[in-house]
Amino acid sequence: MTLSCSKKALPTDYSEVQLVTLDVTDIREDSFTLKGQINHLNGIPVTEYGFIIKKKAFPVSLEQEEFIKLNGNVKTGLIQHTYKSDKTLELDQHYAYAIYVKTQSGYYKGDFKSFTIDQIQINTIDSIAATVGQIIHVTGDFKHLRDRHYITTDIHSKEEIPYTLSSDKKTLSFAVPNTNKMVHGRKIHFDLKNTALWGSDTYRRVATVRILAKINPPQQSQLYTSGPIIFRGTGITSPVYQEMYAPLYLLFNGHKIPYKEYIYREDIKLPGNKFKIGYHNGRDSIVFDQAIEWMPLGQ
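Residues in the sequence shown are numbered consecutively from 0, following numbering that gives the first Met the number 0.
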């Protein structure tokens, strides 16, 4: 008697392909890099993939889509393509593009993202830690910045963060603003917004900043044992964001305790009543010049 076994065929995955169009990068006089993310592929064979790109025009009926087909086996992850022109690209020309995938049974594409040929080169800062008021310096080529360009932190916000340029137009500098968004440990994206003369505004990432708290020295150096030390500063909490995104510590004679706005003597599990105090925000350990002393009642 002969025994045999057969493999059971797995069911075909017919779920939707999941695509995300990412921000364009490396915009230059004759080229730019398109990027997209394939988060999920189903079990249907892929017949074609790449990017759709179109020049923005008015009226919209004049816009024509161009398909940029990519070669090679497709798989989940980052997809990118550098588009090169044989001539200088037209300044202020607006484009829109999206990643797409075609299978034997379906056609999928990500949302369209817009960008402008502004001939501004930005060496984007992917990650930096900074306190409120700290100056961020971004290098690149900013000679084509115009009055309609400004720094913002939210595509839905009308805030304009002031910036300065170096004399050679190679460095753009701005201060981290003191707003409700700037909470310890939170990552804030700063973008260069190009306010469109027509159509959609476009945004280019300038820097991603992890906010660090900065605590001010307490106003009192002596207080009674029943009273608290009050610790306040910038980048701690706000009416909008009630909790911090990373640990923040106070220092008492070099010992760490979790941050609280009001600290009482019983919160400090150390001997004595006089302490050198400060804070640690994950990058900086700051010790204030003035020590603090709790005095017994009646003194």
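By construction, the Cβ of each residue, glycine as well, lies at the ideal position given by its N, Cα and C atoms.
Report the rounded CA-to-CA distance for residue i versus residue j, giving the unit in angstroms.
i      : j      : result
Asp125 : Ala206 : 6 Å
Ile145 : Gln17  : The amino acid at residue 145 is misidentified as Ile; the sequence shows Arg. Rounded to whole angstroms, Arg145 to Gln17 spans 37 Å at the Cα level.
Glu28  : Lys54  : 16 Å
Gly109 : Tyr99  : 6 Å
Tyr106 : Tyr248 : 52 Å
Ser156 : Leu171 : 21 Å
Asn65  : Arg209 : Per the sequence presented here, residue 65 reads as Glu, with Asn not at that position. Those two C-alpha atoms are separated by around 39 Å.
Lys186 : Thr163 : 23 Å
Lys273 : Arg264 : 10 Å
Asp22  : Ala290 : 50 Å
Thr359 : Gln36  : The requested residue 359 is not part of the displayed model; the chain covers only 0 to 298.
Thr201 : Gln63  : 20 Å
Asp288 : Ile276 : 8 Å
Ala245 : Ala56  : 46 Å
Val131 : Ser30  : 36 Å
Gly71  : His93  : 29 Å
Glu159 : Phe173 : 11 Å
Asp167 : Glu242 : 42 Å
Asp266 : Gly184 : 24 Å
Pro161 : Glu292 : 42 Å
His254 : Lys34  : 47 Å
Lys74  : Ser199 : 32 Å
With a Cβ-Cβ cutoff of 8 Å, do residue i and residue j count as a contact?
i      : j      : result
Ala129 : Val182 : no
Gln120 : Asp140 : yes
Asn179 : Ser237 : yes
Ser113 : Ile43  : no
Met294 : Gln221 : yes
Leu250 : Ser284 : yes
Asp117 : Ile26  : yes
Thr138 : Lys169 : yes
Ile336 : Ile134 : Given that the chain is displayed from residue 0 to residue 298, the structure contains no residue 336 and the question cannot be resolved.
Leu296 : Tyr223 : yes
Write down the C-beta distance between residue i and residue j rounded to the nearest angstrom, noting that I regard them as a contact closer than 8 Å.
i      : j      : result
Leu88  : His148 : Not really, about 18 Å apart at Cβ, beyond 8 Å.
Thr24  : Tyr96  : Not confirmed; about 12 Å, so no contact.
Tyr189 : Ile150 : Residue identity differs from the one stated: residue 189 is Phe in this sequence, not Tyr. About 6 Å; that satisfies the 8 Å criterion.
Thr309 : Lys101 : It is not possible to answer for residue 309, since the shown part of the chain is limited to 0 through 298.
Ser14  : Asn38  : So it is not a contact: roughly 11 Å between Cβ atoms.
Mapping DSSP to helix, strand and coil, what is residue i?
i      : result
Glu89  : coil
Asp25  : coil
Glu265 : helix
Gln241 : coil
Phe306 : The requested residue 306 is not part of the displayed model; the chain covers only 0 to 298.
Arg282 : coil
Ala128 : strand
Phe230 : coil
Ala212 : coil
Ile116 : coil
His183 : coil
Phe272 : One detail in the question is off: residue 272 reads as Asn in this sequence, not Phe. Three-state result, Asn272: coil.
Gln17  : strand
Ser199 : coil
Leu40  : coil
Leu69  : coil
Trp259 : Just to set this straight, residue 259 is Lys in the shown sequence, not Trp. Note: Lys259 maps to coil in three-state DSSP.
Gly105 : coil
Thr32  : strand
Asn177 : coil
Arg145 : coil
Ile235 : coil
Do the segment 68–78 and the segment 41–58 make contact, defined as three or more Cβ pairs closer than 8 Å?
Yes: at least three Cβ pairs fall under 8 Å.
Counting Cβ pairs, one atom from each stretch, are 3 or more of them under 8 Å apart for the segment 247–261 and the segment 221–232?
With contact defined as three or more Cβ pairs closer than 8 Å, the segment 247–261 and the segment 221–232 are in contact.
Taking contact to mean 3 or more Cβ pairs, one atom from each stretch, closer than 8 Å, check whether the segment 214–221 and the segment 274–288 are in contact.
Output reads yes: the segment 274–288 touches the segment 214–221.
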